[in-house]
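Please read the structure below before turning to the comments.
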Amino acid sequence: SSRAPLSAQLRDGLATRIERGRLAPGERLPPVRELAAELDLAPNTVARAYRELEGAGLVLGRGRHGTFVTERLPERPGEADAHLDAAASAFARRARQLGVGRRDALRAVRRALGPGP
862 SSRAPLSAQL RDGLATRIER GRLAPGERLP PVRELAAELD LAPNTVARAY RELEGAGLVL
922 GRGRHGTFVT ERLPERPGEA DAHLDAAASA FARRARQLGV GRRDALRAVR RALGPGP
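Sequential numbering of the sequence shown, starting at 862, is according to the working numbering.
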């Protein structure tokens, strides 16, 4: 029912589960083919969602060993910026999908950040 690509819907759903702690740090995600079969999706759709989650720093792919929820935030300089950029891009994409204008989207970010410098 959503106009968003299936890979984006899956990515967003998994990201929400990770951010809310429903998928714990260190937890292994289902193998691509297994999740694709379970959800009746093409394996490439699941693989793309996993790659995007990895790009956002939420999961780490370990080849044949699987894909795991990251244990902690990155410590390398500049890596936090990359994660923030990925999160901001995902937020902007979602705001556009919902038809939210720039002013309202920025207002939502300010509310989420709360008071402070």
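All C-beta atoms in this analysis are idealised placements derived from N, C-alpha and C, irrespective of residue type, glycine included.
Member of G887, A908, A885 whose CA lies at the smallest distance from the CA of L867: Considering only alpha carbons, the answer is A908.
Can you have a look at E880 and say buried or exposed, based on whether 16 or more other CB atoms are within 10 angstroms of its CB? By the Cβ neighbour-count rule, E880 is exposed, with fewer than 16 other Cβ atoms within 10 Å of its own.
May I ask you to list the residues that DSSP assigns as paired with V907? Partner(s): none; V907 has no beta bridge.
Where DSSP assigns a beta bridge to V930, which residues make up the other side? According to DSSP, which records beta bridges pairwise, V930 is partnered with V920.
So is V920 buried or exposed if we call it buried at 16+ other beta carbons inside 10 Å? V920 is classed as buried because its beta carbon has at least 16 other beta carbons within 10 Å across all chains shown.
According to DSSP, is R889 part of a helix, a strand, or is it coil? In the structure shown, R889 sits in a strand (DSSP, three-state: E or B).
Determine the direct distance from the alpha carbon of A898 to that of P935, and round the result to whole angstroms. Note that P935 scores a pLDDT of 49, beneath 50, so its modelled location is shaky; the value from the coordinates is reported in the next line. So the two alpha carbons sit approximately 32 angstroms from each other.
Relative to the alpha-carbon of A865, which residue among L890, A956, A903 has its alpha-carbon at the smallest distance? The option with the nearest alpha carbon to A865 is A956.
Check L914 in the structure and name its three-state DSSP category. Helix, per DSSP.
So, using beta-carbon positions, are R872 and F929 closer together than 8 angstroms? Taking 8 angstroms as the Cβ cut-off, R872 and F929 do not qualify as a contacting pair.
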